[in-house]
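Some notes on the structure that comes next.
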Amino acid sequence: MLEREFNRGKSVVKVSHWACCKEEHSDGGHHYHCSVKLNGLKKWVKVKESIQSIYGISVNFSDKHDYYLSAYRYVTKQDENVVLSEGHPNLADSQSPVTKKSIQANKRKSVERSQEPKAKRKLRLSNQDTAKFIRAHKIHSYTELLSVADQRQQEGLDDISSFVFNRTEKFLRELITKTWDMAGAQDKIERQKTDRLDILIKFKYQEPCVCNGEWLTCAKEVMDLNNIDVAEFRSAILENIRLGRAKFRNIFIVGPTNTAKTFILKPLSVIYNERIFENPANHKYGWVGAEKASVIMLQDFRWHKDLIMWKDFLLLLEGEKVRLPAPRNIYKDDICICGDVSIFATGKCEIKYSGNYNTVDEREDEMMKSRWKIFKFKHQFSEEVQKNVKPCGHCFANFVL
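Here the sequence shown stands for residues 2 to 402, numbered as in our numbering.
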């Protein structure tokens, strides 16, 4: 109502934003407080008369506040039920009150009242205060933080902008990341305690289908066109998920391009989400993160000794403890993979040993082959018949359970 009446007419002065609160009376009545910011000067008399005439509401205007922030704080006070205009800048307090310090300050003032007051440094935001502000106002990126800081600065609040200008971009990004990592840490721990099979069962009975059953239809077609025994494939997938890595248990789908190898296993990324480690980077530290995973996914995998030593790869697939290098500027020791992680892979052909000067060794090849449960996809789908089907955890769970 106020915004509409202020904006009525041809005047270029319009309402920028506003805030409104309802104040209850002890006798059961109530009245409203409202702070309004205009983008210029404007007389209030016509607005007051218009509201009285149209709505029968008596409005009292006050200009005792020198700037909008002062009026906003007076209106909102401690009330949580504040109605804000669309696009209203974030002016909430960024620093939590420190009661103990307030009490000490009052006592000190009473003792030193007769003395000349000393200049005090303005209390700056701590990292913890800013982290609480980031979490309370759902700031997830560096750009969002800059935007909020700019809005508050324009309204006379320079706490966040001062914090931003006194820190590097790297520090601020790390603070945002750490804030949300801490916020989700407990939930993450609880999810990690959940068994892989239980998660799969949850997707079958509790999670919705996101593809209207199209993924399941396509998966059955892929199995049929490649003459794969569906019961055998399901059994192999379930055994791997339930028991983890071991000889003849790790799943390896081989075949030429466009045979739907990635398509069949892609829903695992949806189901296990943050618990899955996918495709190590092509350097010696590429496996960092795999030690925390419940599932390892190696899509279109090509072995090379710079990625992982042959003997370490054999140990990894066999289910033995294996240590892999980690950067010493971050990690005290090498990473250790020692759990029952499930391993899935796809590739154009079976993995073959290649030693110095490209030497081959059939015995090494046999040892590698014994680590996998291999399924061969041969049917290639032409571009004309290929479909863009969204990975569906619900359909995958129904397919293998």
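Heads up, the beta-carbon is just placed ideally off N, CA and C, and yes, glycines get one too.
**Study point:** Where S383 falls: helix, strand or coil (DSSP)
**Key:** Three-state result, S383: coil.
Check your understanding: Relative to the alpha-carbon of E11, which residue among K43, V231, L244 has its alpha-carbon at the smallest distance?
Key -> Rather than Glu, the amino acid found at residue 11 in this sequence is Lys. The shortest Cα separation from K11 among K43, V231, L244 belongs to K43.
Check your understanding: Can you find at least 3 beta carbon pairs, one from the region 340-348 and one from the region 226-236, that sit closer than 8 Å?
Key -> Contact fails: fewer than three Cβ-Cβ distances are below 8 Å.
**Study point:** Segments of 3+ residues assigned as beta strand (DSSP E) that fall wholly inside the region 239-321
**Key:** Listed in chain order, the complete beta strand (DSSP E) runs (minimum 3 residues) inside the region 239-321 are 251-255, 277-279, 296-299.
Point to revise | Beta-carbon proximity check, V271 vs G185, cutoff 8 Å | key: Cβ atoms of V271 and G185: not closer than 8 Å.
Exercise for review: Could you tell me the distance, in whole angstroms, from the CA atom of T169 to the CA atom of V386?
Suggested key: Rounded to whole angstroms, the separation of the alpha carbons of V386 and T169 is 51 Å.
Check your understanding: Taking buried to mean at least 16 other C-beta atoms within 10 Å of its own C-beta, is F249 buried or exposed?
Key -> The residue in question, F249, is exposed, as its Cβ has fewer than 16 Cβ neighbours within 10 Å.
Check your understanding: For E367 and chain C, any beta-carbon pair shorter than 8 Å?
Key -> In summary, chain C is missing from the structure at hand, where a single protein chain is found.
Review point. Would you say T195 and Q381 are within 8 Å of each other, going by their C-beta atoms?
Key: No; because the gap between Cβ atoms is not below 8 Å, this pair is not in contact.
Review point. Is it the case that the Cβ atoms of V296 and I277 are separated by a distance below 8 Å?
Key: Yes, these two residues count as a Cβ contact at 8 Å.
Check your understanding: If we call anything under 8 Å between Cβ atoms a contact, is L318 one with R372?
Key -> L318 is a Cβ neighbour of R372, given a cutoff of 8 Å.
Point to revise | Assigned secondary structure, V16 (DSSP; H/G/I helix, E/B strand, else coil) | key: Residue state, collapsed to three classes: strand.
Review point. For G10, which of helix, strand or coil comes out of DSSP?
Key: In the three-state reduction of the DSSP assignment, G10 falls in the coil class, being assigned neither a helical nor a strand state.
Exercise for review: Sort out for me which residues DSSP pairs S86 with in a bridge.
Suggested key: DSSP lists no partner for S86.
Check your understanding: Can the beta-carbon of S51 be found closer than 8 Å to that of E6?
Key -> E6 is positioned such that its CB atom lies closer than 8 Å to that of S51.
Exercise for review: Less than 8 Å between the CB atoms is what I'm expecting for V60 and C21, so what's the real figure, rounded?
Suggested key: Between V60 and C21 a beta carbon distance of about 12 Å is seen, past the 8 Å cut, so the two are scored as non-contacting.
Exercise for review: Tell me where the alpha helix (DSSP H) around L201 begins and ends.
Suggested key: It spans 197-206 - the alpha helix (DSSP H) in which L201 sits, taken as one unbroken run.
Practice item. Would you kindly check if the distance between the Cβ of S162 and the Cβ of D151 is under 8 Å? Key: In contact: D151 and S162 (Cβ atoms closer than 8 Å).
Review point. Excluding sequence positions up to five away, which residues of its chain have a Cβ less than 6 Å from the Cβ of E365?
Key: Short of 6 Å from the beta carbon of E365, and not among the five residues preceding or following it, lie these beta carbons of its own chain, in chain order: Y354.
Check your understanding: How big is the Cα-Cα spacing for P98 and T180?
Key -> Residue placement at P98 cannot be trusted, given a pLDDT of 46 that sits under 50; what the coordinates show is reported in the next sentence. Cα to Cα, the separation comes out at about 20 Å.
Check your understanding: Helix or strand or just coil, what does DSSP make of R168?
Key -> In the structure shown, R168 falls within a coil segment according to DSSP collapsed to helix, strand and coil.
**Study point:** Buried/exposed call for L315, threshold 16 Cβ in 10 Å
**Key:** Within 10 angstroms of the beta-carbon of L315 lie 16 or more other beta-carbons, which makes it buried.
Check your understanding: Can you name, in chain order, every residue of its own chain whose Cβ lies under 8 Å from the Cβ of T263, other than the five neighbours on each side?
Key -> Answer for T263: Q300, D301, T347, listed in chain order.
Check your understanding: With C-beta atoms as the reference, is A220 less than 8 Å away from F400?
Key -> Yes, they are a contact pair.
Check your understanding: From K78 to M2, what distance separates their C-alpha atoms?
Key -> For K78 and M2, the gap between their C-alpha atoms comes out near 22 Å.
Check your understanding: Nearest CA to the CA of F166: which residue from R125, K333, D188, M183?
Key -> Comparing Cα positions, the closest option is R125.
Review point. Where do the ends of the alpha helix (DSSP H) carrying Y358 lie?
Key: Per DSSP, Y358 belongs to no alpha helix (DSSP H) and is neither H nor E.
Exercise for review: Please classify C21: does DSSP put it in a helix, a strand, or coil?
Suggested key: Of the three classes helix, strand and coil, the one that applies to C21 here is strand, per DSSP.
Point to revise | Three-state class that DSSP yields for R136 in the structure shown | key: Three-state DSSP puts R136 in a helix.
**Study point:** Contact set for N8: own chain, Cβ-Cβ below 7 Å, skip 5 residues either direction
**Key:** Contacts found: K15, V16.
Check your understanding: If you draw a straight line from the alpha carbon of F397 to that of K388, how long is it in whole angstroms?
Key -> The alpha-carbon atoms of F397 and K388 are separated by roughly 17 Å.
**Study point:** Cβ separation of V390 and E279, assumed to be a contact under 8 Å, to the nearest whole Å
**Key:** Contact flag wrong, Cβ pair sits at about 19 Å.
Point to revise | Own chain residues within Cβ distance below 8 Å of D307, not counting five before or after | key: Apart from sequence neighbours up to five positions away, the residues of its chain that approach D307 with a beta-carbon distance below 8 Å are N283, H284, K285, ordered along the chain.
Point to revise | Boundaries (first-last residue) of the alpha helix (DSSP H) holding G394 | key: Run containing G394: 394-401, per the alpha helix (DSSP H) assignment.
**Study point:** Where V48 falls: helix, strand or coil (DSSP)
**Key:** V48 sits in a helix when the DSSP states are folded into three classes.
Practice item. Could you check what DSSP says for A72 in three-state terms: helix, strand or coil? Key: Annotated three-state conformation of A72 is helix, per DSSP.
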